[in-house]
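The next block holds one structure in the form of structure tokens; read it before the comments.
2 protein chains.
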Amino acid sequence: MNLRIPGPTPVPAAVAQAGAADMINHRGPEFAAIIRRTTAGAQQVFQTKNAVLTLTASGSGGMEAAVVNHVAPGERVLVVTIGVFGQRFLDIVRSYGAEPVELAFEFGSAADPALIDDALKANPDIRTVLITHNETSTGTTNVYLPQVSEIVHRHDALMIVDAISSLSSIPVLTDEWDLDVVISGSQKGWMTAPGLTFVSVSDRAWARQETNPMPRFYFDLRRAQSALERGETPWTPALSLFFQLDKALEMMLAEGLEAIYERHHRLARMTRDGIRALGLELLAGEGLESDTVTAVKIPEGVDGSKFTKVAREEFGTVFAGGQGPLRGKIFRFGHLGHVHEEDIRAGLVAVEKTLVSLGYAVANRA
Amino acid sequence: MNLRIPGPTPVPAAVAQAGAADMINHRGPEFAAIIRRTTAGAQQVFQTKNAVLTLTASGSGGMEAAVVNHVAPGERVLVVTIGVFGQRFLDIVRSYGAEPVELAFEFGSAADPALIDDALKANPDIRTVLITHNETSTGTTNVYLPQVSEIVHRHDALMIVDAISSLSSIPVLTDEWDLDVVISGSQKGWMTAPGLTFVSVSDRAWARQETNPMPRFYFDLRRAQSALERGETPWTPALSLFFQLDKALEMMLAEGLEAIYERHHRLARMTRDGIRALGLELLAGEGLESDTVTAVKIPEGVDGSKFTKVAREEFGTVFAGGQGPLRGKIFRFGHLGHVHEEDIRAGLVAVEKTLVSLGYAVANRA
């Protein structure tokens, strides 16, 4: 099977095997060495000197950690949404009794910094902004993140960024862009099985935690930081995933971040070119296309609800469908993590064959 | 290394390798088949017809799930403690703004059902009781759990049980004992790497969840149940751990629960006999000794703070030390999961050699 979803992504054989190593004591010197190494590696990938905490949970757990540690009950926060994962922030904020002010942009577009500025001017009580860097549901990158960060800080607010499906594949310059809290997840560009999430914390964010009355325990980042200082985690960590991450980081740092970004950009362009050559349209606006996942509009006359099933069953390729209001209207082609030209070529062939099988006249292509 | 801690436990080679299988889509038919199979298997191990939800988190995450789904902010709850993990329930309950009434029993003793009855009579407003089945920190089993459950339900309260280090190794009859919420964790008798926790939910507990205003998102069990009905999890699951669990359950059910219980009981007795033959004393009271972990008092004249380091560095065996007030006063010998006679024999030899190395006159033994 060619796994072409935007995560979980294929795990390289050496990483998968690293996870099968003998179990160890999570309160002993071997684990202390591993978590110190993976934390230093994660900081390099985050391009930050801030703390980076690795929690045993999926990315949504990392998003919850970002909310419960920094947002207070009843607090009004600005949630900038450009797709389904932005809406997940809304959902978490509401679940915890805070009050989101939503600034929604059309699916496929990026957040407009000027409108964020307006929203913060109109709501001077807002001290926290939550935003998605790369919207997995629409294949769109919020390319103006550095400008947004500048505006958010001008308004003295905290900048919380879901970079789950970008960080490690697309440049996220945590320190240079002055991002307070950034979240990523092992099953994306990190080439590791799902189950670990990363959360970086700036000094501004630590200060916020000190006085934040929101209840938290498992996802309490201060507990995670204090355990990390002893080379531990507060609760038993997913050790086999740490073994994998350790190996994956070794491979990533050997390839080099710039080379990784370049490979993702090149393969994304190859995907987009191939998709357009089939006469298909992308959901993301021009210049906003994500380098980790491409969202493709299902062409007229094709039954979108059958696309992923036919691609999987007849052509051995697993694509993701649309989520929420996009169900049946798009398919998503993942190209992040351990991915190479042949995966993209095979994926494009599967797209074409699937469309033909569903009655699309590919001969009409541009 | 002979890993003789009470979890994470050694993962059998076939289980470890299962975790290295190719990554799959967590929203596809392969995963639906796996989670349906592992859920049915987990229900067999829990001996229940209740829902059993498998969450991507460590056991402490399962404990938090039990609290946030069933305990309301400000609610007074009874927390019965016989060691450090009972105190973790206290900590979680307090973190979420509920009010614990602690009924503490001396470390090494079991909870006395009559005193629980008294506590519930004295606090007729209490509707929730939290208790540890097998206290990992003291090597003690709360053997009167069925009687406690009868009393708790007579007082119309909900019975929440941390069975993390017992269930799958020691009989826990969820339905027969009428336990409302029971928690276990993959890294114990389940022979799987850490990172999955199991929570069973009775009808009484579901009803409580319906009206419980406590904020929750990642650990919301209703979301987990609703996703499970589609063969999914609400958030990306730790797939490689599900692959392992699937294989481990196959092995466990092939061995048979009765045979597993018998093996654990036999190896625990072998451990206790060997420990006593060295002239050492157990922390647990007679008849309360856990069949998954033995807590051994450090004999007089031996520097307890050095025990685990010497055992590991000189004799290739990893024991656990004491936690909290027991630090330096005991060591703990785990005998659960994928464990066999030779592991116990080797562990006992390591105990003896370590004590001799620390100046203990084993010749004096009884």
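As given, the protein sequences belong to chains A and D, one line each in that order. Counting from 1, one number per residue, gives the positions in the first sequence under this note's numbering. Counting from 1001, one number per residue, gives the positions in the second sequence under this note's numbering. Backbone N, C-alpha and C define an ideal beta-carbon position, used for all residues, glycine too.
Three or more Cβ pairs closer than 8 Å define a contact, and the segment 306-322 of chain A falls short of that threshold against the segment 272-281 of chain A.
Every unbroken stretch of the alpha helix (DSSP H) spanning 4 or more residues and falling wholly within the segment 1206-1232 of chain D is given here in chain order: 1221-1228. The segment 175-186 of chain A makes no contact with the segment 18-33 of chain A: fewer than 3 CB pairs, one atom from each, lie closer than 8 Å. Residue range A13 to A18 is occupied by the alpha helix (DSSP H) that includes A18 (chain A). I1183 (chain D) carries a strand assignment under DSSP once its states are collapsed to helix, strand and coil. Each of A:R272, A:L145 and A:T56 was checked against the Cα of I344 (chain A), and the nearest Cα belongs to A:R272. Listed in chain order, the positions of the segment 217-239 of chain A with a beta carbon within less than 8 Å of a beta carbon of chain D are F217, Y218, F219, D220, P234, W235, T236, P237, A238 and L239.
Of all residues in the segment 59-86 of chain A, only G59, S60, G61 and E64 place a beta-carbon less than 7 Å from a beta-carbon of chain D. From the beta-carbon of Q1017 (chain D), the residues of chain A found nearer than 7 Å are A20. In the three-state DSSP reduction, V143 (chain A) falls in the coil class, being neither helix nor strand. Around the C-beta of S202 (chain A), 16 or more other C-beta atoms lie within 10 Å, and the residue is accordingly described as buried.
Under DSSP, the beta-bridge partners assigned to P100 (chain A) are A:V77.
In summary, S226 (chain A) is exposed, with fewer than 16 beta-carbon neighbours lying within 10 Å of its beta-carbon over all protein chains present.
Between the segment 70-84 of chain A and the segment 1187-1199 of chain D there are fewer than three inter-stretch CB-CB distances shorter than 8 Å, so the stretches are not counted as touching. Interface with chain A (8 Å Cβ-Cβ cutoff): I1170 (chain D) is excluded. Neighbours of G316 (chain A) in chain D, taken as residues at a C-beta separation under 7 Å, are lacking, since the least C-beta distance is about 12 Å. Contiguous beta strand (DSSP E) elements confined to the segment 1287-1352 of chain D occur at 1293-1297 and 1330-1334, taking only those with 3 or more residues. From the beta-carbon of I92 (chain A), the residues of chain D found nearer than 9 Å are F1217 and Y1218. For a Cβ distance threshold of 8 Å, residue set P1008 and P1194 of chain D lies close to H26 (chain A), ordered along the chain.
Partner residues in the beta bridge of L1167 (chain D), as assigned by DSSP, are D:I1170. Only those residues of the segment 1128-1159 of chain D whose C-beta falls short of 7 Å from the nearest C-beta of chain A would be listed, and there are none. Contact between the segment 1222-1241 of chain D and the segment 1050-1068 of chain D is present, with at least three C-beta pairs closer than 8 Å. Within its own chain, the residues whose Cβ lies closer than 8 Å to the Cβ of D112 (chain A), once the five positions on either side in sequence are excluded, are F105 and Y144, listed in chain order. For S95 (chain A), the chain D residues whose C-beta falls within less than 8 Å of its own C-beta are P1215, R1216, F1217 and D1220, listed in chain order.
CA-to-CA, the gap between L348 (chain A) and P325 (chain A) works out to about 25 Å.
Setting aside the 5 residues that flank it on each side, V1101 (chain D) is surrounded in the same chain by R1076, V1077, L1078, V1079, A1119, N1123 and I1126, each with a C-beta closer than 8 Å to its C-beta; the list follows chain order. The Cβ atoms of G139 (chain A) and R266 (chain A) do not sit closer than 8 Å to each other. Distance between S357 (chain A) and V310 (chain A), taken at the CA atoms: about 8 Å. Non-local C-beta neighbours of F46 (chain A) in its own chain, meaning closer than 8 Å and more than five positions away in sequence, comprise V52, L167, V172, T174, V182, S184, F198 and S200, ordered along the chain. Residue burial annotation: D1303 (chain D) is exposed, with fewer than 16 other C-beta atoms found within 10 angstroms of its C-beta. Contact annotation: A1284 (chain D) and G1097 (chain D) have beta-carbon atoms that are not nearer than 8 Å. In this structure the segment 85-96 of chain A does not touch the segment 241-250 of chain A; the number of beta carbon pairs closer than 8 Å is below three. Those residues of the segment 1336-1365 of chain D placed with their C-beta closer than 7 Å to a C-beta in chain A do not exist.
The segment 148-158 of chain A makes no contact with the segment 290-308 of chain A, as fewer than three CB pairs between them are under 8 Å. Counting of Cβ neighbours within 10 angstroms places A1065 (chain D) among the buried residues, the total reaching 16 or more. At least one CB atom of chain D sits nearer than 8 Å to the CB of Q187 (chain A).
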